[in-house]
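Going down the list, the protein sequences come from chains A and B. Position one of the first sequence corresponds to residue 1 (my numbering), numbered consecutively onward. Position one of the second sequence corresponds to residue 1001 (my numbering), numbered consecutively onward. The beta-carbon is built from N, C-alpha and C at its ideal position, and this holds for glycine as well.
There are 2 protein chains.
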Amino acid sequence: MTDTLIRSWQSVQEEVLRRINARIWKPGELIPNEAELASEFGCARATVNRALQNLADTGLLERRRKAGTRVATHPIRKATLDIPIIRNEITAKGFAYRYSLISSEKIVPPRDVIARMQLERGNKALHLVAVHLATGVPYVFEDRWINPGAVSGVEGIDFTRQSANEWLVENMPFTAGDITFTAMTGGRREAEILACEPGAGLFVIDRTTWTKDRAITFVRLVFAPGYRMHTVI
Amino acid sequence: MTDTLIRSWQSVQEEVLRRINARIWKPGELIPNEAELASEFGCARATVNRALQNLADTGLLERRRKAGTRVATHPIRKATLDIPIIRNEITAKGFAYRYSLISSEKIVPPRDVIARMQLERGNKALHLVAVHLATGVPYVFEDRWINPGAVSGVEGIDFTRQSANEWLVENMPFTAGDITFTAMTGGRREAEILACEPGAGLFVIDRTTWTKDRAITFVRLVFAPGYRMHTVI
DNA sequence: CAAATTATTATGTGCAGACATATAACTCAA
DNA sequence: TTGAGTTATATGTCTGCACATAATAATTTG
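Rendered as structure tokens:
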């Protein structure tokens, strides 16, 4: 029994974590309710609530009204990972960042892109292909489609000077987005642009952003071999 | 101007989001302080605080004491993604789950594993190779090392019946973990176990879990081609 | 005995007020 | 001019209380 008072929500959280790790409260088990913990720790119920809610957010606890709070049976559940702004990621590693536009054209997108972005069939969209370089070495290959119907004024922008991502971030708010991580086998095109072997396994991020039901942009980022995305839990 | 009162923290959050999206508060700009917003919305400062803190957690706002709260310049910053429990992921898709142990031996691990897990050189570790199947089709290939120094009693367990992951989750609490997502080019071994073409690009998750400075286990999950990990922001 | 209703209970959220803490901004002396 | 010390201010958090809400458990009713 600790004599030190547990009054901040962080210390409540620590103590709860300690009990989970020490198996005092085992996976699947019900823990005492907020009022009991509050009186045990000598703090207000709101403080306990804050701590438990935070742990529930990270997936370590499961809470339901009336039913109470129990230790999650499968603790590894959620990881928060930082989606890097490519320029920042490269400069943070100490490399010089450079962006190079390979092509820009307005064409009717292929079927899968139409489906992803829920575009009208037959309408053209802006297609940009570019590469981001770290001290001259290809880092990530960007294949982007922009919906001109949702992004007014995009046609006049010179994307050779500013990356589409940066322009969009500054000029188009978005309300939602979805991200998919996957792997692909590099073909000739990827090998050429990323200066790697054809057939290499490449890490891919697909991202679509939306503003109130309309797709703004769909971008596929294909990273050079060896790219790792890291997070701690 | 809305006449409807904004009193719940969710509605405060919605209103703040609306203003960010409508560019009333632009990226990088300072927004009114909590007290002002509270009096504007007709609610308590604590309610505004809850809403703004939540938005800061998701990376849309940046807050600093005394300096105030400003709209983040790079809104796409953090994504929370669910780390799947493989059994659940497979059964959730409506497939039958099966786990098959391919090999189990106690050997001195290779250098990279020793480095990752910070093991003593020359000490043996338990090496398990297994595959998880969805209705008989290989879904993910699991290559795992377990530190017997940190996991007492692991040597007597029959991992042909229960997957190592499930046994560990139930029997070993962990305090920290780190996860890396990457891609690899499949070799002969992966092709054989996952029943795919050699040379295919494969999605990989590396995970190490720790209990108070000692590595419990390091596992590499290599997913069959076409695997996608999805999240929304 | 099953279905519908009511009571109970644990979490969820709101409020006002107070104090804590970080830090930007200012003041003043060397 | 610069560095150290001070002040003001916005966010961070705690408290005690109240009521809302969801969901289980108990009870009544047809």
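*Any beta-carbon of chain B closer than 8 angstroms to the one on Met184 (chain A)?*
yes
*Measuring only between beta-carbons, confirm whether Phe218 (chain A) sits less than 8 angstroms from chain B.*
no
*Taking all protein chains shown into account, do 16 or more other C-beta atoms lie within 10 angstroms of the C-beta of Asp1003 (chain B), making it buried, or fewer, making it exposed?*
Because Asp1003 (chain B) carries a pLDDT of 44, less than 50, the predicted location of this residue cannot be relied on, and no value is offered for it.
*Determine the DSSP secondary structure at Ala1072 (chain B), reduced to helix, strand or coil.*
coil
_Buried or exposed (CB count within 10 angstroms, at least 16 for buried), Gln13 (chain A)_ = buried
*Indicate whether at least one CB of chain A lies closer than 8 angstroms to the CB of Glu1170 (chain B).*
yes
_Top-ranked residue by Cα proximity to Pro110 (chain A), from A:Ser103, A:Ile102, A:Ser100, A:Arg121_ = A:Arg121
*8 angstroms contact criterion, which Ile1107 (chain B) and Lys1124 (chain B) should meet: CB distance rounded*: 6 angstroms
*Could you work out which residue in B:Leu1030, B:Asp1112, B:Arg1220, B:Gly1226 is closest to Arg1070 (chain B) when comparing CA atoms only?*
B:Leu1030
*Just grab the DSSP bridge partners of Ile205 (chain A) for me.*
A:Phe181, A:Leu221
*Would you decide whether Glu105 (chain A) is buried or exposed? Buried here means 16 or more other CB atoms lie within 10 Å of its CB.*
exposed
*Got a sec, what are the start and stop residues for the alpha helix (DSSP H) Trp9 (chain A) sits in?*
9-21
_Check whether Asp143 (chain A) and Arg220 (chain A) have beta carbons under 8 angstroms apart_ = yes
*Would you tell me roughly how many angstroms separate the C-alpha atoms of Phe218 (chain A) and Asp206 (chain A), rounded to the nearest one?*
7 angstroms
*asked:* Tell me whether the region 1134-1150 of chain B and the region 1188-1195 of chain B touch, counting them as touching only if at least three CB pairs, one residue from each stretch, are closer than 8 angstroms.
replied: yes
*Between which two residues does the alpha helix (DSSP H) carrying Met229 (chain A) extend?*
Looking at the DSSP string, Met229 (chain A) is not in any alpha helix (DSSP H); the run it does join, the beta strand (DSSP E), is 228-232.
*Hey, how far is the Cα of Arg98 (chain A) from the Cα of Leu1133 (chain B)?*
44 angstroms
*Could you tell me which of B:Ser1008, B:Leu1055, B:Glu1155 sits nearest to Cys1043 (chain B), measuring between CA atoms?*
B:Ser1008
*Given a limit of 7 angstroms on CB to CB distance, which residues of the region 1012-1026 of chain B reach chain A?*
Ile1020, Asn1021, Arg1023
*asked:* Quick check on DSSP: helix, strand or coil for Phe1135 (chain B)?
replied: Here residue 1135 (chain B) turns out to be Thr, not Phe, going by the sequence shown. Here Thr1135 (chain B) sits in coil by DSSP.
*Quick one: what's got a C-beta closer than 7 angstroms to Pro1198 (chain B)'s C-beta in the same chain, skipping five residues either side?*
Gly1186, Gly1187, Arg1188, Ala1191
*Residue of A:Ala200, A:Val232, A:Ala164 minimising C-alpha distance to Ser100 (chain A)*: A:Ala164
*Nearest-angstrom Cα distance between Arg214 (chain A) and Thr175 (chain A)?*
10 angstroms
*Throw me the rounded Cβ distance for the Ile1085 (chain B) and Asn1147 (chain B) pair, which I believe falls under 8 angstroms.*
Between Asn1147 (chain B) and Ile1085 (chain B) the Cβ distance is about 22 angstroms, and since that is not below 8 angstroms, they are no contact.
*In three-state terms, what does DSSP make of Ser39 (chain A)?*
helix
*For Ile6 (chain A), which of helix, strand or coil comes out of DSSP?*
coil
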